[in-house]
Amino acid sequence: MNLALTAAGATIRGLAAVSPGWGATVAMPLFGSVAAPRPVQADEEPTMWRARRRTVRIDGVQGRGVEVDTYEWGSGARTVVLSHGWNGRASQFAPLVRELVAAGYRVVAFDAPAHGSSAGRRTYLVDWLDTFSALQERHGAFDAMIGHSFGGLATLVGVAGGTDAARVVTIAAPADADLLLTQFQGMLGYSDAVSARMRERFASRYFPGQADPFAWLSGVRRPLPGGVPLLVVHDDGDRMVPYAEAGRIMSANPHARLLTTTGLGHSRLLAADAVLDAVLEHLEASSSERKVPAPQAEVEGLTRVPVAA
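See below:
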């Protein structure tokens, strides 16, 4: 944890000793704040240079409107949308973009508000969902959506809520928004009383008028529509999103396939050959033709397909 978060946590805990509501008031703006954008890596630059750059405009969490930078590669009839995670950016998908374009897909990615090249300072999952809607208006139905980490959760929520995608892949994704609030509480060390006020403020700020937004901000409580093929990819040593989250997603989507990697952590699996191959296989196979590999190991009731780094 950096010094700023340490200081913020101390301030929140101090205020919470007087009033949990005061602590939540200070914590809430931090929840949607994004760190400075990660740079485009050298090996990602050639792919990004070849992208056709456009923008879509969405309302943004503050309702003032924000331009979201989008990137397109290829010209195939089948559109695949890539959704990066929190503190990520579209360029992280460069290895996958190259594979998909070579396979004949039109590939679309974006930098969410406050990420990558897009403007803004704060954001939340609603911005991902609004971006999906804007891209759907532009491109029509998606052949597939692939989401990493927070972008994977957004993809599950989006497709469950009506985004038209024939196939879905999640990579290192949390199963619901509850985990994110729990992790945020762990980072700042505030009490359960502050957490309860945070959840109330979160609901009223981002989802006014909805009694329980957590009921649909979840890949568990709102599984994918029946028949949408799902590939769940997760590393068993992921330190950012626990491997158990894959199990929760699988439990709600029993038709899904689980690919477990070992030694790749949270982000390196985005460039792993075994993951790229599995994603292409998942996209190419129809729901009736796709073959699920025989279980090689069983851990906590999940079919595991170990892939070494």
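For the sequence shown, the positions run 1 to 309 when the working numbering is used.
Glycine included, C-beta positions come from ideal geometry on N, C-alpha and C.
The structure presented is a predicted model; accordingly, all values stated were derived computationally and were not measured.
> Along the chain, which unbroken stretches of the alpha helix (DSSP H) at least 4 residues long are found entirely within the region 165-218?
Replying inline: As summarised for the region 165-218, the continuous alpha helix (DSSP H) elements at least 4 residues long and confined to that stretch are 177-188 and 192-206, given in chain order.
> Straight-line CA distance for Arg38 to Val61?
Replying inline: One alpha carbon belongs to Arg38, the other to Val61, and they sit about 21 angstroms apart.
> Should Glu44 be labelled buried (16 or more other beta-carbon atoms within 10 Å of its own) or exposed?
Replying inline: Buried.
> Excluding sequence positions up to five away, which residues of its chain have a Cβ less than 6 angstroms from the Cβ of Asp335?
Replying inline: Coverage of the chain is limited to positions 1 through 309, which leaves residue 335 absent and any answer about it impossible.
> Distance, Cα to Cα, His255 vs Gly237?
Replying inline: Cα to Cα, His255 sits roughly 24 angstroms from Gly237.
> So who's on the other strand from Ile58, going by DSSP bridges?
Replying inline: Under DSSP, Ile58 shares a beta bridge with Val66.
> Would you call the CB atoms of Met198 and Ala35 closer than 8 angstroms?
Replying inline: Ala35 sits away from Met198, with the two beta carbons spaced by 8 angstroms or more.
> Once you ignore the five residues that flank Thr123 on each side, which residues in its own chain have a CB closer than 8 angstroms to its CB?
Replying inline: Cβ neighbours of Thr123 beyond the five flanking positions: Gly32, Val34, Gly60, Val61, Ala112, Pro113, Ala114 and His115.
>> Quick check on the DSSP output: the beta strand (DSSP E) that includes Val228 runs from which residue to which?
In response: Per DSSP, Val228 is not a residue of any beta strand (DSSP E), being assigned neither H nor E.
> According to DSSP, which residues form a beta bridge with Val107?
Replying inline: Trp73 and Val80.
> Unbroken beta strand (DSSP E) runs of length 3 or more, entirely within the region 91-138: which are they?
Replying inline: Here the runs fully enclosed are 106-111.
>> Can you give me the C-alpha to C-alpha distance between Ala320 and Leu259, rounded to a whole angstrom?
In response: The structure shown has nothing for residue 320, since the chain only spans 1 to 309.
>> Using a Cβ-Cβ cutoff of less than 6 angstroms, which residues in the same chain neighbour Gly14 once the five nearest sequence positions on both sides are dropped?
In response: Excluding sequence neighbours, Gly14 sits near nothing in its chain.
> In this structure, does DSSP put Gly151 in helix, strand or coil?
Replying inline: Of the three classes helix, strand and coil, the one that applies to Gly151 here is helix, per DSSP.
> With respect to the alpha helix (DSSP H) encompassing Arg257, which residues constitute its N-terminal and C-terminal limits?
Replying inline: First-last for Arg257: Arg257 to Thr261, but that is the beta strand (DSSP E), not the alpha helix (DSSP H).
> What three-state label does DSSP hand Gly14 in the structure shown?
Replying inline: Note: Gly14 maps to helix in three-state DSSP.
>> Let's see if you can read the secondary structure: which residues bound the alpha helix (DSSP H) around Glu281?
In response: Segment Asp273 to Glu284, the alpha helix (DSSP H) holding Glu281.
> If we ignore side chains and look at the alpha-carbon of each, how far apart do Ser83 and Thr182 end up?
Replying inline: Cα to Cα, Ser83 sits roughly 23 angstroms from Thr182.
> Is the CB-CB distance between Tyr71 and Ala94 below 8 angstroms?
Replying inline: No; because the gap between Cβ atoms is not below 8 angstroms, this pair is not in contact.
>> Taking only three categories from DSSP, how would you classify Ser33?
In response: In the structure shown, the three-state DSSP call for Ser33 is strand.
> Can you find at least 3 beta carbon pairs, one from the region 210-227 and one from the region 150-165, that sit closer than 8 angstroms?
Replying inline: Contact check between the region 210-227 and the region 150-165: three or more CB pairs, one atom from each, fall below 8 angstroms, which counts as touching.
>> Let me make sure I understand the geometry here. Which of Gly263, Leu230, Gly65 and Val66 has the alpha-carbon closest to that of Leu156?
In response: Of Gly263, Leu230, Gly65 and Val66, the residue nearest in Cα terms is Leu230.
> How many Å lie between Val275 and Ala144 at the Cα?
Replying inline: Spanning the two alpha carbons is a distance of roughly 16 angstroms.
> Where does Pro293 fall in DSSP's three states?
Replying inline: Residue confidence for Pro293 is low, a pLDDT of 37 falling below 50, so the modelled location carries little weight; the figure read from the coordinates is stated next. In this structure, Pro293 counts as coil in the three-state DSSP scheme.
> Excluding sequence positions up to five away, which residues of its chain have a Cβ less than 6 angstroms from the Cβ of Glu245?
Replying inline: Within the same chain, Glu245 has close Cβ partners Pro174 and Ala175.
>> Taking the alpha helix (DSSP H) that Arg248 belongs to, which residues open and close that run?
In response: Boundaries of the alpha helix (DSSP H) harbouring Arg248: Ala244 to Ala252, taken from the DSSP string.
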